[in-house]
Amino acid sequence: MSSDSIPLLGRGSAYDVESVRFRYQSNESPAARWILDNISFHVQEGEVLGVVGPNGSGKTSLLKVLARLMTPQQGHITLFGQDLSAKTQREVACLVGVVPQDTQMLFPFTVAESVLMGRFPHRARDRWIGGFGWENREDLAIAEQAMMTMDIVHLAHRSVPDLSGGERQRTVIARALAQTPKVLLLDEPTAFLDLQHQVEICSVLRRLRDEGGLTVVLVSHDLNLVSQYCDRILLLDRGQIVRLGGPGEVIEPEVLESVYRCRVLVDRHPSTGLPRITLPGRQLSGEN
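If you want it as structure tokens, here you go:
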């Protein structure tokens, strides 16, 4: 990549979000703050969209609304041209994979069993027997491919609660990939990962987009990661969209300082030419 954004001309919309407002049910008083406040945007098919913003800006709530895990009080959302609210959760799960921020698993499933759960939305109802045993060869092959993609085949028989945070994160992403979704929604997918696996996961997401047309919506606090790997960036603050565009349109000092309320330095990455953020740092003694 050497440009601020990658054009996706000729592709349709994966999501169309129009005038959406959301707040939690316990906050229905007229004075309650909207978590998402009259937001409108589109996600193009085959796009990697990064969602950034300070804590409490509405990033995770936005992902949950897009996944139909929560329903907005106002506005309208379509998924591939169809009303999202009219779809069952199973229908949405056949199209949308979700990687939540909290990946804790309390039950001692193995990695292979956990990844295979991604096939649940696609199972025929007459194959459901209340536990494992419903899966067919196609399900097993897809689950194995997902584990290969995330480099966790060697962990297949390990119990998920015994994994490190990074191994568990890769397992959850593999489970979402096993759904064979058209859209992948990820909330802090590189949390708990070392630098190598952060780069690998971002590269995998780009490859799945390039080779299979996967649409990715990625929430992250890592502005540099989002700048280098996302086609466009959506910047939220207090439930509203501050800026939406390519990295060069969003990663600007004045914009970031107004939202994050701290000074930042922005230059260009020497390899990609994309914006790169650094903090000013402390002044060493003796320097002017």
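Quick note: the sequence shown uses the working numbering, first residue 132, plus one each step.
Idealized CB from N, CA, C, for every residue including glycine.
Could you pull out every residue in the same chain whose Cβ sits closer than 7 Å to the Cβ of residue i, ignoring the five residues on either side in sequence?
| i | result |
| --- | --- |
| R338 | none |
| D368 | G184, P185, S188, V390 |
| A307 | G228, V229, V230, G249, L315 |
| D353 | T321 |
| S134 | Because S134 carries a pLDDT of 39, less than 50, the predicted location of this residue cannot be relied on, and the following value inherits that uncertainty. Answer for S134: no residue qualifies. |
| H253 | C225 |
| E178 | L139, T346, D362, R363 |
| N355 | R407, I408 |
| A217 | none |
| V174 | S144, A145, Y146, L180, T346, V348 |
| P312 | L226, V227, G228 |
Looking at the unbroken beta strand (DSSP E) that takes in residue i, where does it start and where does it end?
| i | result |
| --- | --- |
| I273 | Not the beta strand (DSSP E): I273 falls in the alpha helix (DSSP H), residues 268-280. |
| V227 | 227-230 |
| Q204 | That residue, Q204, is in no beta strand (DSSP E); it is neither H nor E in DSSP. |
| F172 | 167-175 |
| D318 | 314-318 |
Measure how close the beta-carbons of residue i and residue j come, nearest whole angstrom, since I'm counting them as under 8 Å.
| i | j | result |
| --- | --- | --- |
| L151 | I166 | The amino acid at residue 151 is misidentified as Leu; the sequence shows Val. V151 to I166, Cβ: 10 Å. No contact. |
| I372 | F172 | 6 Å |
| A309 | I273 | 6 Å |
| H328 | G297 | 6 Å |
| L210 | D318 | In fact, because the Cβ distance is near 18 Å, the residues do not count as touching under 8 Å. |
| E266 | L247 | 6 Å |
| D168 | G370 | 4 Å |
Which class does residue i belong to by DSSP, given the choice of helix, strand or coil?
| i | result |
| --- | --- |
| D293 | helix |
| Y155 | coil |
| V148 | strand |
| N186 | coil |
| V395 | coil |
| D114 | What is shown of the chain runs 132 to 419, which leaves residue 114 out entirely. |
| G404 | coil |
| R299 | helix |
| L410 | coil |
| H288 | coil |
| R221 | helix |
| S134 | Residue confidence for S134 is low, a pLDDT of 39 falling below 50, so the modelled location carries little weight and cannot support an answer. |
| S351 | coil |
| I283 | coil |
| F238 | coil |
| Q359 | helix |
| F251 | helix |
| R374 | strand |
Do residue j and residue i count as a contact pair if the criterion is CB distance below 8 Å?
| i | j | result |
| --- | --- | --- |
| Y146 | I208 | yes |
| S358 | P406 | yes |
| V303 | F240 | no |
| M281 | A287 | no |
| R221 | E176 | no |
| L349 | L197 | no |
| E388 | R394 | yes |
| I332 | L345 | no |
| T234 | Q276 | no |
| E149 | G212 | no |
| T202 | Q232 | no |
For residue i, collect the residues of the same chain with a Cβ closer than 6 Å to its Cβ; drop the 5 residues on either side in sequence, then sort them by chain order.
| i | result |
| --- | --- |
| M132 | Here M132 scores only 36 on pLDDT, less than 50, and its place in the model should not be relied on; the value that follows carries that caveat. T403. |
| R199 | L215, V223 |
| A243 | A287 |
| T409 | L396 |
| S295 | none |
| V182 | K190, V350, L365 |
| R289 | V242 |
Could you name the residues of the same chain whose beta carbon sits closer than 8 Å to that of residue i, not counting the 5 residues immediately before and after it, in chain order?
| i | result |
| --- | --- |
| Q204 | R152, F153, R154 |
| L375 | F172, R363, I364, L365, L366, V381 |
What is the residue span of the alpha helix (DSSP H) that residue i lies within?
| i | result |
| --- | --- |
| T191 | 190-197 |
| G379 | 378-381 |
| Q327 | 326-343 |
| L247 | 242-247 |
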